[in-house]
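S.K.:
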Amino acid sequence: MRKFVLLTLVLVLTLSTASFAQTPIRLWFAGTPQALMDLMYDEIVPAFEAANPDIKLEVEFVPWSELSTKLATSFAAGVTPDIFMHGQAAIAEFVESNQLLPLDEFIADWPDKDDFGATLSSGYYKDATYFIPVFGAGRLLVYRADTFREAGLDPDNPPTTWDELVEAAKALTKKEGNRFIRQGIDFPQDGIDLQQVWAPFLWQAGGDFLTEDGTAAAFNSPEGVESLQFMMDFIHKHGASDVRTAQPVGNVSPIAADLVGMIFEVPGVLAQITTYSPEVYPEIRVALPTKHVTQDTLYSFSGFMMSRNTVDKEKAWRVMAYLLSAESLEKINEAMATLPPRLSLAEADFIAEDPNLKVYVEAMQFGRGNPNHPRWVQIRDIISRYLERAMRGVMSAQEALDEAAKEVNRLLAE
Amino acid sequence: MRDSPKLGRIPLPSALERMLPMRGFLYYWKNKARRRTMLTAYLFILPVLIYSIAFNFGPMFASFYLSFTRYNMLTPPKFIGLANYVRVLTDDPVFWTALKNTAQYALQVLPLNIAISLSLALLVNRAVWGIAVFRTIYYLPVVTSIIAVSMIWLWLYDYNMGLINLVLERFGLGPIDWLGDPRLALHSLVIMRVWKGVGWNMVIYLAGLQGIPQILYEAAEIDGASAWKKFTSITWPSLRPVTVYIIIMGTISTFQTFGEIYAMTGGGPLDSTTTVGFLIYQRAFQYYSMGEASTVAFILFGIIFGLSLINMQFFQGIE
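Which chain is which? The protein sequence lines are A and B, in order.
Its first residue numbered 2, the first sequence is counted upward by one per residue in this note's numbering.
Its first residue numbered 725, the second sequence is counted upward by one per residue in this note's numbering.
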């Protein structure tokens, strides 16, 4: 009996000592795509731990809708993950709250940094780098070759100017009385999506969201009004769009269900169409941004940040460097059908094999991000609320943008 | 005072006096046997007391303090006095829109709920074989999660594929943009909420109906009273305490509406379904303005408390 107790004690001590030798590093991934979760748990994490036996990598996937709440709660409780993912627009707020560790000391000697090129600057804020991109997404015009042909348009020559966009939308519209059978072009009716679709038009008109020093609203300029009016006219003047945004039919996206002729979408939708409407995918095309004063469009990256409360910053960096390697990033981006931030991956197989993804990569040269401002979430929501009013015809473009600017300026003054 | 055959007149505090906290406490504390009884009672309720303090009262007091601060969870709270209250009450049009929407929601849900649940209670208040099946069916929506119910009604209300519009179109009446039209969205949520809640109040009214002495109805029968006369002269007045309870609890519940707003409309379109409960969530968890969210929460508390007092006074006055 005594021997049994002694043996058990020795076994327990050995096991606990073994676990003490490993440093647990907690990482939060944003989003819960099944393909990515399978990749991480089945392949990447085991491979990393085999190569780094002193680190226990604990990966958790957090839905985007819960990410900010969970992070804020964990910061308040002082129990933060060592590494977490978020969009680049979140950097400013976390830096101002002193939650992030600058990564410059690690990047300085990092052989991979040149492969990131200009995308590394997306993580730069107030003289330091706090964020390294993992995947990118942009909003581009998605259309179908078959409906273009049916409407007498050339699918190999999509709209390149604002006027051409109007003409194409009118040609693609199908109505039965007052009811849309197919909207020529679809716009989101509210929320984050509406702001993201308006952003390219604002920039293409030569406008911007905030002044250069970020202390005041700039979007209610003549350029802002022109860009918003341009979008409103599709609904209220050209009759080519409905005030109601097209809804997916189950898992089938509106473009695949032929409810819309053109729509602004992120590359993730291509993966959705491939999965749920594979018979339609050969007809799907993507267009480069239209050009007005500029040809800018919205691109943003999601990436990793290191918490100031990390248990071991050297080991946390080893995890980051492994996941940010070309090999890992190629697998991660392929699993999610997103755009890898590395220059060497611009010709990756999964991109080269998909002409639509190639367009997304090509359009990155026109990509701009939302302003990097600590109050961006509130600013964006204020703008979206008034954009919705304008798109519904409740307010004029000038009125809506002026009211939004008033609220944003009040917020910035606090 | 009461008389005892053996002890003469015994100065006992009245029931009301025993309820006053300090008097009640002293009453039990001063006597050894009563003190032991009191401490034993507290020992039994200690787990619940600790839970209530840790998870109810403690956070409530903390939230009250936070309502006087600027706090974003990422940096320590900064005391700013009444600034949050002043801003919300004088310079926050979204708050007043949310309050208007919440009041409208309550004023629509409560009367409809009372009318339908009372009707159902009258229908199922009979000793008929199989009546329990109907009582169960009417109660089922109550025990279904609000999120699950919201998902189902999202499908029902869908503009293109929803069952309601498909039926309406068969009769040449649709389609209707139930959740996308700012003039209709709140009413659509009212319909769903009434559907989900009538079972609960039906059960309460049923208990109330079964407490009305049958002799009253027999006497009315003898006097030749019609069914409507019996309802207005016997049933409805007898159910007044139940109705008061339902109105008070219903007011508290509808003024805190959040789940269906979050799941179905996100406060839109055009803030037409933004309620105060949803606004608190938005300010706290989307904008990290915990101080402001706490302020709105306590203003809501004040409103609900005031309305409950008014309800009680009003119906006591009628009695």
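For glycine and all other residues, C-beta sits at the position ideal for the given N, C-alpha and C.
Applying the 10 Å Cβ sphere with the 16-neighbour rule, what's the burial state of A/Arg381?
M.R.: If you number the first sequence from 1, residue 381 of chain A lands on position 380. A/Arg381 is buried by the Cβ-count criterion.
S.K.: May I ask you to list, following chain order, the residues of the region 389 to 407 of chain A that have a beta carbon less than 9 Å from some beta carbon of chain B?
M.R.: Residues Glu389, Arg390, Arg393, Val395.
S.K.: My understanding is that A/Ala398 touches A/Leu166, with C-beta atoms under 8 Å, so please give their C-beta distance in whole angstroms.
M.R.: Translated into positions along the first sequence, residue 398 of chain A becomes position 397. Translated into positions along the first sequence, residue 166 of chain A becomes position 165. Their Cβ separation, rounded to whole angstroms, is 18 Å, which puts A/Ala398 and A/Leu166 out of contact at 8 Å.
S.K.: Express the C-alpha separation of B/Arg760 and B/Glu942 in angstroms, rounding to a whole number.
M.R.: As a working mapping, residue 942 of chain B is identified with position 218 in the second sequence. As a working mapping, residue 760 of chain B is identified with position 36 in the second sequence. Roughly 52 Å between the two C-alpha positions.
S.K.: How many angstroms separate the CA atom of B/Met725 from the CA atom of B/Ala765?
M.R.: For this step, residue 725 of chain B is matched to residue 1 along the second sequence. For this step, residue 765 of chain B is matched to residue 41 along the second sequence. Per-residue confidence for B/Met725 stands at a pLDDT of 48, beneath the threshold of 50, marking its modelled position as unreliable; the derived number appears in the next sentence. Roughly 26 Å separates the two Cα atoms.
S.K.: Would you say B/Ile1027 lies against chain A (beta-carbon separation less than 8 Å)?
M.R.: Taking the first residue of the second sequence as position 1, residue 1027 of chain B is located at position 303. Closer than 8 Å: no.
S.K.: Could you give the residue range of the alpha helix (DSSP H) that holds B/Gly932?
M.R.: Residue numbering aside, residue 932 of chain B sits at position 208 when the second sequence is read from its first letter. Counting along the chain, B/Gly932 sits inside the alpha helix (DSSP H) bounded by residues 909 to 934.
S.K.: Identify whether A/Leu166 lies in helix, strand or coil by the three-state DSSP scheme.
M.R.: Translated into positions along the first sequence, residue 166 of chain A becomes position 165. In this structure, A/Leu166 counts as helix in the three-state DSSP scheme.
S.K.: Are there three or more Cβ pairs, one per stretch, closer than 8 Å when the region 310 to 329 of chain A is compared with the region 142 to 162 of chain A?
M.R.: They do not touch, by the three-pair rule.
S.K.: In three-state DSSP terms, what is A/Phe136?
M.R.: Along the first sequence, one-based indexing puts residue 136 of chain A at 135. A/Phe136 falls in the strand class under three-state DSSP.
S.K.: Are A/Ala336 and A/Leu40 touching if we call contact CB-CB under 8 Å?
M.R.: Counted from its first residue, the first sequence places residue 336 of chain A at position 335. Counted from its first residue, the first sequence places residue 40 of chain A at position 39. It is a contact, given that the beta carbons lie within the stated cut-off.
S.K.: Give the straight-line distance between the Cα atoms of B/Phe781 and B/Tyr863, rounded to the nearest whole angstrom.
M.R.: To locate residue 781 of chain B, count along the second sequence from 1; it is residue 57. To locate residue 863 of chain B, count along the second sequence from 1; it is residue 139. Going from the Cα of B/Phe781 to the Cα of B/Tyr863 covers about 32 Å.
S.K.: Inspect the CB distances between the region 34 to 54 of chain A and the region 101 to 110 of chain A and report whether three or more fall short of 8 Å.
M.R.: Note that the region 34 to 54 of chain A does not touch the region 101 to 110 of chain A; fewer than 3 beta-carbon pairs, one per stretch, sit closer than 8 Å.
S.K.: Going by Cα to Cα distance, which pick from A/Thr291, A/Glu408, A/His237, A/Val281 is closest to A/Asn179?
M.R.: As a position in the first sequence, residue 179 of chain A is number 178, starting the count at 1. Ranking the options by Cα distance to A/Asn179, first place goes to A/His237.
S.K.: Measure from the alpha carbon of A/Tyr126 to the alpha carbon of each residue in A/Gln89, A/Leu8, A/Phe149, then state which is nearest.
M.R.: For the purposes of this step, residue 126 of chain A is taken as residue 125 along the first sequence, with counting starting at 1. Of the listed residues, the one whose Cα sits closest to A/Tyr126 is A/Gln89.
S.K.: Straight-line CA distance for A/Lys175 to A/Ala258?
M.R.: Position 174 of the first sequence holds residue 175 of chain A. Position 257 of the first sequence holds residue 258 of chain A. If you take the alpha carbons of A/Lys175 and A/Ala258, they lie about 14 Å apart.
S.K.: With 8 Å set as the bound, which would you pick, yes or no: does the beta-carbon of A/Arg245 sit closer than that to a beta-carbon of chain B?
M.R.: The residue labelled residue 245 of chain A in the question sits at position 244 within the first sequence. Chain B contact via Cβ: present.
S.K.: Since B/Ile871 and B/Gly983 are thought to touch, with beta carbons under 8 Å apart, how far apart are those beta carbons, to the nearest angstrom?
M.R.: What you label residue 871 of chain B is simply residue 147 of the second sequence in a count that begins at 1. What you label residue 983 of chain B is simply residue 259 of the second sequence in a count that begins at 1. Right, their Cβ atoms sit about 6 Å apart.
S.K.: Using DSSP with H/G/I as helix, E/B as strand and the rest coil, what is B/Met762?
M.R.: The count along the second sequence starts at 1 and reaches residue 762 of chain B at position 38. Three-state result, B/Met762: helix.
S.K.: Find the residues of chain B that neighbour A/Phe76, judging by a C-beta separation of less than 8 Å, and give them in chain order.
M.R.: Translated into the one-based positions of the first sequence, residue 76 of chain A becomes position 75. Correct list: Met797, Leu798.
S.K.: Would the region 986 to 1005 of chain B and the region 873 to 893 of chain B be scored as touching if the rule is three or more Cβ pairs under 8 Å?
M.R.: yes
S.K.: Which of the three DSSP states, helix, strand or coil, is assigned to B/Lys1053?
M.R.: Residue 1053 of chain B is absent from the structure shown; chain B starts at 725 and stops at 1043.
S.K.: Take the Cβ of A/Met392 as the centre, count every other Cβ of all protein chains shown within 10 Å, and call the residue buried at 16 or more, exposed below.
M.R.: As a position in the first sequence, residue 392 of chain A is number 391, starting the count at 1. Counting C-beta atoms within 10 angstroms of its own C-beta, A/Met392 has 16 or more neighbours from the protein chains shown and is therefore classed as buried.
S.K.: Grab the span of the alpha helix (DSSP H) containing A/Arg381 for me, first residue to last.
M.R.: Taking the first sequence and counting its residues from 1, the one referred to as residue 381 of chain A is at position 380. Per DSSP, A/Arg381 belongs to the alpha helix (DSSP H) from 377 to 392.
S.K.: Counting only C-beta atoms, is B/Met784 closer than 8 Å to chain A at any point?
M.R.: As a first step, residue 784 of chain B is located in the second sequence; it is residue number 60 there, counting from the start. Judged by the 8 Å Cβ criterion, B/Met784 is not in contact with chain A.
S.K.: Could you tell me whether the Cβ of B/Pro801 comes closer than 8 Å to any Cβ of chain A?
M.R.: Translated into the one-based positions of the second sequence, residue 801 of chain B becomes position 77. Interface residue (Cβ-Cβ distance to chain A less than 8 Å): B/Pro801 is not classified as such.
S.K.: Can you tell me the Cα-Cα spacing of A/Thr212 and A/Met232, whole angstroms?
M.R.: Along the first sequence, one-based indexing puts residue 212 of chain A at 211. Along the first sequence, one-based indexing puts residue 232 of chain A at 231. Rounded to the nearest angstrom, the two C-alpha atoms are 23 Å apart.
S.K.: Expressed to the nearest angstrom, what Euclidean distance is found between the alpha-carbon atoms of B/Leu908 and A/Pro375?
M.R.: As a first step, residue 908 of chain B is located in the second sequence; it is residue number 184 there, counting from the start. As a first step, residue 375 of chain A is located in the first sequence; it is residue number 374 there, counting from the start. So the alpha carbons of these two residues sit roughly 36 Å apart.
S.K.: To which residues of the same chain is A/Asn252 closer than 8 Å at the C-beta, ignoring the five residues directly before and after it?
M.R.: The count along the first sequence starts at 1 and reaches residue 252 of chain A at position 251. So the qualifying residues of the chain are Gln273, Thr276, Tyr277.
S.K.: Within 10 Å of its beta-carbon, does B/Ser728 have 16 or more other beta-carbons around it, so buried, or fewer, so exposed?
M.R.: One-based indexing of the second sequence puts residue 728 of chain B at position 4. Reliability of the predicted coordinates at B/Ser728 is poor, the pLDDT of 48 falling under 50, and the value obtained from them is presented with this limitation in mind. B/Ser728 comes out exposed.
S.K.: Taking 7 Å as the cut-off, is the C-beta of B/Pro899 nearer than that to any heavy atom in the ligand MN?
M.R.: Among the components modelled here there is no ligand, and therefore nothing to report on the ligand MN.
S.K.: Could you name the residues of chain B that A/Ser308 contacts, counting a contact when the two beta carbons are closer than 9 Å?
M.R.: Looking up residue 308 of chain A in the first sequence gives position 307. The premise fails here: A/Ser308 is roughly 12 Å from chain B at the closest Cβ pair, so nothing lies under 9 Å.
S.K.: How would you write the range of the alpha helix (DSSP H) that A/His237 sits in, first residue to last?
M.R.: For the purposes of this step, residue 237 of chain A is identified with residue 236 of the first sequence, where counting begins at 1. 223 to 237 is the span of the alpha helix (DSSP H), which, as asked, contains A/His237.
S.K.: Tell me which residues share the same chain as A/Ser149 and place their Cβ nearer than 6 Å to its Cβ, disregarding the 5 neighbours each side in the sequence.
M.R.: Stepping through the first sequence from its first residue, residue 149 of chain A is reached at position 148. Correcting the residue identity first, residue 149 of chain A is Phe in this sequence and not Ser. Hits under 6 Å: Pro156.
S.K.: Does A/Trp199 pass the burial test, meaning 16 or more other C-beta atoms within 10 Å, or should it be called exposed?
M.R.: Numbered from 1 along the first sequence, position 198 holds the residue referred to as residue 199 of chain A. When all chains shown are included, A/Trp199 counts as buried.
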